[in-house]
Ligand SMILES: Cc1ncc(COP(=O)(O)O)c(C=O)c1O
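Protein chains in written order, with our numbering: chain Z, 29 to 431; chain H, 2 to 280.
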């Protein structure tokens, strides 16, 4: 950061990580995000807030999630020693709950009585609906009509949890359109509504706040690795949709300069085709959904739809802190294709008895590319941020299996 | 802030001296196609529009309701770009040197065009002001300050959530006029409550000498009349754009029918704004 030699210092008081981030919202929302920022600061300073969150993480979510040595996977690749951070074992099946509980506690502190959220794959939607049910708050989830078709099990889970699901048909009916619709709802219901954003995007303070709530992942890994191996890991690998599970793992390690950190974007049908969701590899800086970051867009600044086999990775943007870390050269960003992810999905299922979500399957695909060439004492941590129950139907279809 | 008189300053001064209110018409550039859109733009002054807000289409218009979202999509589908929008203003300027044109939209297309290049080209095309929905006062250094420096007015939105503590900051770098958003919500939603609007316009006028126009949710000549009675101008967008949407639907002969119907509604709205204010 400017004048500071920590990668963990951002954002500044304008919500910027270097050039990225900021507060690009309509005037109607501006007072709301300023309120939110003040409320979040106050909560951070209040030990009672942290205590309540830790209690929920422990007894409701099941944290800490294990750090598991994937012995057969390690053997298979024949190089780096591979550990999986098992956030797929969390209640609701992914890392998304870490953030939702933090935000819903904040909503309660702020006296908000209605929750809204956007969702792509439905994992964030399920986590929000779960948290809302747990605290008895009405909840509306915006989901692209196209995504609802792709993720039927999660749609039904949200309904069971009592959420009101609003199909979004505007634009292309996927995650970015769901986010537009959620923002439109928020601008209309300014008094009582709290918007729980599901990734490290949106206007300040969301990228920092979501990162902070997800950083429990990296903090646990630090302790667990010191316990297991007596030292810190050598490398970290995580998949990137908006970038929340990755920021959660990476952030506590950013200033450990010896640790190699790798984010894996969705390469879709390949970066040489238009059908991918790799905003850093194939996008340009621009402004969308309240912040400046890398975006998939055309020459006229119109946003292009991302494609990925995984509905949780096809967001055409990426959290602004990742944009900063990429430009600063601190984190390497790579990509894995649909086909590579699908192969990794099957590999780990058979070798470790863990059915992963398609999102972390992308991270695993990259692990498979680099692990074989690394020494056997290299300690690598991959974020297993979600389980594959939601994806088995889609995978069956891709494998041409009739269920 | 600037000593230069702009087309907007002159227009509001002229209206004031005649004791009239401004009818501000919004249409999206390139909707439903470039030629029809130009014919509408070109016909609006004669139909009674005092000021024209021209929407710069964007894929993700997060402050807009279904009507203006659809307008953006029609325009983009017909090939509209920011470059074409600026060319359209230049063509309009060649035939009309007095009706102010304000470009309204979202920041990303401008950012990608390049802020300095955009300001230069917009001024050259005869654009008078900018309304950029997702640039609040907190982001003034992005475009507002360079645009004002370059000779464009930067029109800020003030909303019902803008409280008295915040209002002075919001007004600080506003010029041309102030756009009061009459409701919390998106374009094309519920009709505003005139008495609340009246209180808020008074609140804003207590802090600035700029004219205050009101928009969001005004659809009929009667509503326009009621709003104009408590403000310096009334903005109508979704209702006009809906007419384009309806005529664009019945495929074969949109152009002539479309232009005439939009301009007829514009005349009715203008009459609503301009007629004796009903107290
Ligand atoms: C299991 C899982 N991993 C990752 C993601 C991508 O989000 P992020 O990059 O914010 O972690 C999602 C989003 O739906 C998800 O469900």
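The beta-carbon is built from N, C-alpha and C at its ideal position, and this holds for glycine as well.
*Determine the contact status of residue 314 of chain Z and residue 296 of chain Z, defining contact as a CB-CB distance below 9 Å.*
On the first chain, residue 314 of chain Z is found 286 positions in, with the first residue counted as 1. On the first chain, residue 296 of chain Z is found 268 positions in, with the first residue counted as 1. No, Cβ-Cβ distance for residue 314 of chain Z and residue 296 of chain Z is not below 9 Å.
*Measuring alpha carbon to alpha carbon, tell me which of Z:137, Z:40, Z:50 ends up nearest residue 222 of chain Z.*
Within the first chain, numbered from 1, the residue matching residue 222 of chain Z stands at position 194. Checked all of Z:137, Z:40, Z:50; the closest Cα to residue 222 of chain Z is Z:137.
_Is residue 211 of chain H close to chain Z? Criterion is C-beta to C-beta, closer than 9 Å._
Residue numbering aside, residue 211 of chain H sits at position 210 when the second chain is read from its first letter. Not closer than 9 Å to any Cβ of chain Z, the Cβ of residue 211 of chain H fails to qualify, so no.
*Please indicate yes or no: does the CB of residue 174 of chain Z lie closer than 8 Å to some heavy atom of ligand 1?*
Working through the first chain from its first residue, we reach residue 174 of chain Z at position 146. No, the Cβ of residue 174 of chain Z stays beyond 8 Å of every heavy atom of ligand 1.
*Quick one: Cα of residue 343 of chain H to Cα of residue 30 of chain H, how far?*
Here chain H covers residues 2 to 280 and nothing more, so residue 343 of chain H does not appear.
*Partner residues on chain B for residue 165 of chain H, Cβ-Cβ distance less than 8 Å*: Absence of chain B from the displayed structure is noted, the protein chains being Z and H.
_Own chain partners of residue 209 of chain H with C-beta closer than 6 Å, once the 5 adjacent residues on each side are dropped_ = By one-based count along the second chain, residue 209 of chain H stands at place 208. Excluding positions up to five away in sequence, the list reads 172.
*So with Cβ pairs under 9 Å, would you call residue 2 of chain H a contact of chain Z?*
Counting from one through the second chain, the residue named residue 2 of chain H turns up at place 1. Unreliable positioning characterises residue 2 of chain H in this predicted model, as indicated by a pLDDT of 46, which lies under 50. The coordinate reading is nonetheless provided below. Answer no: the Cβ-Cβ gap between residue 2 of chain H and chain Z never drops below 9 Å.
*Where does residue 195 of chain H sit, in a helix, a strand or coil, going by DSSP?*
Position 194 of the second chain holds residue 195 of chain H. DSSP places residue 195 of chain H in helix when its eight states are reduced to three.
*What residues from chain Z crowd round residue 112 of chain H, counting only those whose CB sits closer than 9 Å?*
Indexing the second chain from 1 puts residue 112 of chain H at position 111. Here the neighbours are 313, 314, 315, 320, 329.
*Helix, strand or coil: which one does DSSP assign to residue 114 of chain H?*
As a position in the second chain, residue 114 of chain H is number 113, starting the count at 1. Residue state, collapsed to three classes: helix.
*In whole angstroms, what separates the C-alpha of residue 353 of chain Z from that of residue 119 of chain H?*
Along the first chain, read from residue 1 onward, the residue named residue 353 of chain Z stands at position 325. Along the second chain, read from residue 1 onward, the residue named residue 119 of chain H stands at position 118. Cα to Cα, residue 353 of chain Z sits roughly 29 Å from residue 119 of chain H.
*Going by other Cβ atoms of all chains shown within 10 Å of its Cβ, with 16 needed for buried, is residue 70 of chain H buried or exposed?*
Translated into positions along the second chain, residue 70 of chain H becomes position 69. Buried is the call here.
_Helix, strand or coil for residue 271 of chain H? Go by DSSP, reduced to three states._
As a working mapping, residue 271 of chain H is identified with position 270 in the second chain. In the structure shown, residue 271 of chain H sits in a helix (DSSP, three-state: H, G or I).
_Rounded to whole angstroms, what is the Cα-Cα separation between residue 73 of chain Z and residue 67 of chain Z?_
For the purposes of this step, residue 73 of chain Z is taken as residue 45 along the first chain, with counting starting at 1. For the purposes of this step, residue 67 of chain Z is taken as residue 39 along the first chain, with counting starting at 1. Going by the C-alpha atoms only, they are around 10 Å apart.
*Neighbourhood of residue 204 of chain Z by C-beta distance below 7 Å, restricted to the same chain and skipping five residues each side*: Looking up residue 204 of chain Z in the first chain gives position 176. Correct list, in chain order: 331, 343, 344.
*Helix, strand or coil: how does DSSP classify residue 300 of chain Z here?*
Looking up residue 300 of chain Z in the first chain gives position 272. In this structure, residue 300 of chain Z counts as coil in the three-state DSSP scheme.
*Is it the case that the CB of residue 199 of chain Z approaches a heavy atom of ligand 1 more closely than 8 Å?*
To locate residue 199 of chain Z, count along the first chain from 1; it is residue 171. Residue 199 of chain Z: no, Cβ never under 8 Å from ligand 1.
*Indicate whether at least one CB of chain H lies closer than 9 Å to the CB of residue 52 of chain Z.*
Taking the first residue of the first chain as 1, we reach residue 52 of chain Z at position 24. So, interface residue.
*asked:* Give me the chain Z residues within the contact set of residue 64 of chain H, using Cβ-Cβ distance strictly less than 7 Å, ordered along the chain.
replied: Translated into positions along the second chain, residue 64 of chain H becomes position 63. Near residue 64 of chain H (Cβ distances below 7 Å), the residues of chain Z are 54, 215.
*Taking the alpha-carbon positions, what's the residue 109 of chain H to residue 148 of chain H distance?*
Here residue 109 of chain H corresponds to residue number 108 of the second chain, with the count starting at 1. Here residue 148 of chain H corresponds to residue number 147 of the second chain, with the count starting at 1. Taking the straight line joining both Cα atoms gives about 15 Å.
*Could you tell me whether any non-hydrogen atom of ligand 1 is closer than 8 Å to the CB of residue 145 of chain H?*
In the second chain, counting from the first residue as 1, residue 145 of chain H sits at position 144. Every heavy atom of ligand 1 is 8 Å or more from the Cβ of residue 145 of chain H, so no.
*Could you round the C-beta distance between residue 59 of chain H and residue 107 of chain H to whole angstroms and report it? I think they count as a contact, below 8 Å.*
Position 58 of the second chain, counted from the first residue, corresponds to residue 59 of chain H. Position 106 of the second chain, counted from the first residue, corresponds to residue 107 of chain H. Between residue 107 of chain H and residue 59 of chain H the Cβ distance is about 4 Å, and since that is below 8 Å, they are a contact.
*Proximity test, Cβ basis, 9 Å: residue 155 of chain H and chain Z*: The residue labelled residue 155 of chain H in the question sits at position 154 within the second chain. So, not an interface residue.
*Thinking C-alpha only, which one of H:99, H:75, H:76 is nearest residue 364 of chain H?*
This structure does not reach residue 364 of chain H, given that chain H is present from 2 up to 280, and the question cannot be answered.
_Partner residues on chain Z for residue 134 of chain H, Cβ-Cβ distance less than 8 Å_ = Indexing the second chain from 1 puts residue 134 of chain H at position 133. Under the 8 Å cutoff, chain Z gives 54.
*Which chain Z residues sit within Cβ distance under 9 Å of residue 201 of chain H?*
Locating residue 201 of chain H in the second chain gives position 200, counting from the first residue. Neighbours of residue 201 of chain H on chain Z: none; closest Cβ ~13 Å, over 9 Å.
_When you compare the CB of residue 38 of chain Z with every CB in chain H, is at least one pair closer than 9 Å?_
Sequence index remark: in the first chain, residue 38 of chain Z carries index 10 (1-based). With 9 Å as the cut-off, residue 38 of chain Z does not count as an interface residue toward chain H.
*residue 113 of chain Z CB to nearest heavy atom of ligand 1 below 8 Å*: The residue labelled residue 113 of chain Z in the question sits at position 85 within the first chain. Not under cutoff, so the answer is no.
*Contacts that residue 190 of chain H makes with chain Z (C-beta to C-beta distance below 8 Å)*: As a first step, residue 190 of chain H is located in the second chain; it is residue number 189 there, counting from the start. Near residue 190 of chain H (Cβ distances below 8 Å), the residues of chain Z are 216.
*asked:* Using C-beta distances below 6 Å, list every residue in its chain close to residue 129 of chain Z, excluding the 5 sequence neighbours before and after it, in chain order.
replied: Residue numbering aside, residue 129 of chain Z sits at position 101 when the first chain is read from its first letter. 84, 159, listed in sequence order.
_Against chain Z: residues of the segment 49 to 80 of chain H by CB proximity under 9 Å_ = 58, 59, 60, 61, 62, 63, 64, 65, 66, 67, 70, 71, 74, 77
*Measuring only between beta-carbons, confirm whether residue 208 of chain Z sits less than 9 Å from chain H.*
Reading the first chain from its first residue, position 180 is the one you call residue 208 of chain Z. So yes, residue 208 of chain Z belongs to the interface.
_Check: residue 426 of chain Z C-beta below 8 Å from any heavy atom of ligand 1_ = Numbered from its first residue, the first chain carries residue 426 of chain Z at position 398. It does not: the Cβ of residue 426 of chain Z is nowhere closer than 8 Å to a heavy atom of ligand 1.
*Taking a cut of 7 Å between CB atoms, which residues from the segment 191 to 202 of chain Z lie near chain H?*
198, 199
*Do we get a CB-CB distance below 9 Å when we pair residue 245 of chain H with the residues of chain Z?*
Here residue 245 of chain H refers to the residue found at position 244 of the second chain. No - not a single Cβ of chain Z is within 9 Å of the one on residue 245 of chain H.
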